[in-house]
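Peer 1: So the sequence shown is numbered by UniProt numbering: it starts at 1 and just counts up by one.
Quick reminder that beta carbons are idealized off the backbone N, C-alpha and C, glycines included.
Let me begin by handing over the structure; questions about it come next.
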Amino acid sequence: MSKEKSPEEDHEEKEMEKFYALVRNYREARDHRMQELNQMEMNKKRKCNGDKSCGWMPSFQLEDFKHENAELLRKSLRMLPPPAVAVHNNNPKCGSVSDSQGQKEEDGSADLDLKLSL
């Protein structure tokens with residue numbers, strides 16, 4: 001039983017050493033990063049405990065929304081239909097509407113029949 005290593009065993013041993021070194025470096029980097037994150041968290045807690053207003057509190061002013069409101073208003077006005085103008089002709093010479101139809105229009109019943117029937 002010779003204590004000499006064959007070239008294959010030597011190569012295999014070097015590969016294993018590389019692998020374990022890689023795993024060790026990975027663990028060290030992970031632990032180091034975890035410590036950094038814990039330290040940052042502790043610093044945040046200290047700042048919040050020392051100062052009562054530890055967060056950013058947004059504040060809005062009316063001026064922040066004026067431009068957007070004007071744009072929305074302009075868009076909504078474009079979508080609205082033009083207003084209906086009711087023209088009542090009180091001059092009997094100009095109109096050919098009979099009195100009974102004129103009375104119905106004044107009542108509003110000529111526009112829509114609201115009677116229910118089965």
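Would you kindly work out how many angstroms separate the C-alpha atoms of residue 37 and residue 70, rounded to a whole number?
Peer 2: By 1-based counting over the sequence shown, the position of residue 37 is 37. By 1-based counting over the sequence shown, the position of residue 70 is 70. Using only the alpha carbons, I get a separation of about 46 Å.
Peer 1: Under a three-way DSSP split, which group does residue 5 fall into?
Peer 2: Within the sequence shown, residue 5 is the residue found at index 5, counting from 1. Here residue 5 sits in coil by DSSP.
Peer 1: Taking just the CA atoms, how far does residue 56 sit from residue 64?
Peer 2: By one-based count along the sequence shown, residue 64 stands at place 64. By one-based count along the sequence shown, residue 56 stands at place 56. Approximately 18 Å between the Cα atoms of the pair.
Peer 1: To the nearest angstrom, how far is it from the Cα of residue 5 to the Cα of residue 24?
Peer 2: The count along the sequence shown starts at 1 and reaches residue 5 at position 5. The count along the sequence shown starts at 1 and reaches residue 24 at position 24. Spanning the two alpha carbons is a distance of roughly 26 Å.
Peer 1: How is residue 60 classed by DSSP in three states: helix, strand or coil?
Peer 2: Counting from one through the sequence shown, the residue named residue 60 turns up at place 60. Coil.
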